């Protein structure tokens with residue numbers, strides 16, 4: 134569906150400019166038609182939908198769809214080859230998520246393609262001017278009129294320095310052979326902060342890093358509401374949700390901006406793999422560029438009562454302190470990304486964030502278990518942390534050495550603390566502040582609720598399709614009494630599915646909506662992991678092995694002991710069904726009870742896991758279990774020998790310790806969220822810290838408080 138409406142509602146084009154825009158569209162249509170004739174050898178004819186697509190005056194509902202196949206939100210645009218020739222009409226969001234600066238993808242005729250972008254006058258920015266033909270543009274200050282800086286990105290750009298561009302055409306080329314037929318060689322140009330597909334002649338040799346292959350690209354984006362129709366239908370939902378959701382509102386004419394602001398690259402050099410971030414610039418406008426699409430659809434909005442969220446979380450934290458500690462570490466992980474990686478570039482690689490985070494978890498273990506010094510990471514100074522770093526790696530075959538850390542990595546962390554100690558200290562102080570963590574928890578809860586609503590609606594609707602989802606990611610910084618969450622059809626203009634969900638809300642009983650949302654946080658993987666740990670803790674490894682050998686597990690029949698443990702899991706898994714968990718549980722038990730030796734060992738790991746959780750007052754990670762098992766005295770010599778064999782990196786000619794992967798069989802992998810519950814493929818936080826910004830336990834326990842105060 135064609136859409137030529139400017140981002141800003143003001144229409145200040147002169148009649149001559151409007152006529153010129155329509156004539157340019159007609160010329161472009163004739164050019165595209167000629168390309169199609171030359172490529173496909175068919176007789177030309179006037180295809181009204183294609184013509185309307187290029188007509189800036191053709192707007193819904195007066196334009197004509199080009200096909201009966203629905204367009205995804207954002208619409209379609211034409212794609213041309215920089216070497217000449219029309220390639221295809223493609224979904225705009227597919228192009229934005231594949232071919233913005235730094236993006237490479239196999240597409241037409243399964244050749245490798247990339248956008249036609251070059252370096253900008255600003256280092257670290259690529260110029261979008263040559264690779265896009267722009268349909269509309271608007272200053273970000275017109276969209277975020279109440280803000281001096283945007284809060285959607287880690288860079289917090291001044292709004293008057295940013296323009297938002299909606300393309301009408303993408304220009305791409307095939308770097309496999311180059312524009313002039315020459316063979317492509319990839320280079321990272323550190324002078325300009327961009328990827329080059331040929332060796333540039335105007336850049337010094339020392340500023341170039343030759344790459345072994347095309348980069349791996351991840352595109353960062355956010356969503357912002359641009360407008361809704363004037364006649365929404367409203368429904369009071371406060372009674373059936375205990376006051377959490379004040380109302381649902383259906384709007385048949387809503388528009389969201391999905392704006393891409395940077396490309397996170399993984400670059401494969403001859404000597405090292407590293408990460409860089411490319412942002413976008415429009416040279417002619419001399420503006421930082423956000424490139425996006427207008428997503429028009431029917432939307433179902435929910436107003437969440439902020440005071441009710443605060444009340445629920447206060448009650449949750451009164452009962453469960455380990456969850457609070459887990460949220461502290463989630464906040465730490467987010468701040469490491471935003472401040473140390475994006476803003477200050479202290480961590481040179483996207484894959485270096487998690488190892489540094491795990492090292493800080495290990496430091497927290499040492500503080501929590503030690504008799505002197507701070508009681509936890511969040512009570513420590515940077516000097517305290519630096520003092521403990523050498524003890525993380527006393528030798529190659531101990532502690533973090535078992536997880537493939539080495540002296541060089543620890544030395545890198547010491548240097549990082551020296552150079553960015555003030556920033557890390559500020560981050561730790563924020564994570565130690567109870568009000569900051571509670572505010573972060575509210576953000577996590579609202580984000581989790583948004584994912585839960587989208588998943589529930591997809592399951593509940595007759596269409597059964599996935600929904601696009603949005604929430605006000607900046608609600609914490611505002612003073613509003615409500616938080617908005619929106620779900621909308623993934624088809625441009627809407628397909629009526631969200632309308633059906635809204636109509637069906639009227640027919641729900643007082644408990645169906647809350648129970649439906651709670652089910653989204655009841656993870657089968659998490660329930661399997663919890664059952665497995667509880668089972669191995671309650672029964673000996675020998676007993677579990679004997680059960681496996683009697684063929685009870687292999688036959689798929691119910692084992693009463695397993696069912697009993699599952700029924701006692703508690704509120705986190707109230708809506709999990711044993712019949713769904715049983716196959717997963719049996720498969721896991723078959724692996725860990727393959728031999729009597731293994732069953733004994735895993736029983737000790739499960740016991741250590743439980744003890745460590747009580748001592749740390751948080752969910753143990755594999756790094757905690759590596760340390761805890763090293764500190765443990767094994768009274769059973771058989772278990773001690775198994776442990777030593779797994780912890781020996783030289784056993785069976787292994788380069789790495791086997792211990793970590795064995796421990797991961799028992800420790801929980803779905804701590805916050807996973808694809809089996811709240812994690813989604815399309816999320817604002819997807820490529821940085823989506824899991825840390827979700828928490829199925831927080832959602833389940835808060836909803837349980839509403840559902841009878843469990």
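Residue numbers (the numbering used here): 134 to 843.
Glycine included, C-beta positions come from ideal geometry on N, C-alpha and C.
The structure presented is a predicted model; accordingly, all values stated were derived computationally and were not measured.
Q: Taking 8 Å as the cut-off, decide whether the C-beta atoms of residue 521 and residue 496 are in contact.
A: yes
Q | Environment of residue 325 [buried if 16+ CB atoms lie within 10 Å] | A | buried
Q) So, are the CB atoms of residue 501 and residue 558 less than 8 Å apart? A) no
Q. Do you know how far the Cα of residue 519 is from the Cα of residue 547?
A. 6 Å
Q: Check whether the Cβ atoms of residue 619 and residue 432 sit closer than 8 Å, and answer yes or no.
A: yes
Q) Can you pull the DSSP bridge partners for residue 712? A) Paired residues: none, contrary to the question.
Q) DSSP on residue 269, reduced to helix/strand/coil? A) strand
Q. What are the partner residues of residue 562, as DSSP defines its beta bridges?
A. Paired residues: none, contrary to the question.
Q: Inspect the beta-carbon positions of residue 382 and residue 365 and report whether they are closer than 8 Å.
A: yes
Q) Can the beta-carbon of residue 437 be found closer than 8 Å to that of residue 462? A) no
Q. Leaving out five residues before and five after residue 786 in sequence, what residues of the same chain have Cβ atoms less than 8 Å from its Cβ?
A. Bear in mind that a pLDDT of 46 at residue 786, under 50, signals an unreliable position, so the number given afterwards is only what the model happens to contain. So no residue of the chain qualifies.
Q.
Any contact between the stretch 416-433 and the stretch 386-397? By contact I mean 3 or more CB pairs, one from each, below 8 Å.
A. yes
Q: Only counting runs of 3 or more residues, tell me where the beta strand (DSSP E) segments fall wholly within the stretch 605-681, in order along the chain.
A: 615-622
Q: Classify residue 395 as buried or exposed, calling it buried when 16 or more other Cβ atoms lie within 10 Å of its own Cβ.
A: buried
Q. With distances taken from CA atoms, which of 727, 460 and 791 is nearest residue 682?
A. 727
Q.
Relative to the C-alpha of residue 348, which candidate in 711, 399 and 498 has its C-alpha closest?
A. 399
(Q) In whole angstroms, give me the CA-to-CA distance for residue 635 and residue 586. (A) 12 Å
Q) Applying the criterion that 16 or more other CB atoms from any shown protein chain within 10 Å of the CB defines a buried residue, is residue 248 buried or exposed? A) buried
Q. Does the pairing of the stretch 365-375 with the stretch 636-645 give three or more beta-carbon distances under 8 Å?
A. yes
Q. Can you tell which of 305, 244, 402 and 258 has the C-alpha that lies nearest to the C-alpha of residue 318?
A. 402
Q. What's the call for residue 186, buried or exposed, on a 16-neighbour Cβ count within 10 Å?
A. buried
**Q.** Close beta carbons around residue 764, own chain, < 8 Å, minus the five adjacent residues each side
**A.** 502
Q. Three or more beta-carbon pairs under 8 Å between the stretch 406-425 and the stretch 232-242, yes or no?
A. yes
Q. Nearest-angstrom Cα distance between residue 723 and residue 705?
A. 25 Å
Q | Cβ pair residue 309, residue 292 closer than 8 Å | A | no
**Q.** Nearest-angstrom beta carbon gap, residue 827 and residue 584 [assumed within contact, 8 Å]
**A.** 6 Å
Q) Cβ of residue 635 versus every heavy atom of the ligand SAM: is any distance shorter than 7 Å? A) Absent from the structure shown: the ligand SAM. Ligands present: none.
Q. Apart from the five residues on each side of it in sequence, which residues of its chain come closer than 8 Å, Cβ to Cβ, to residue 698?
A. 664, 667, 668 and 671
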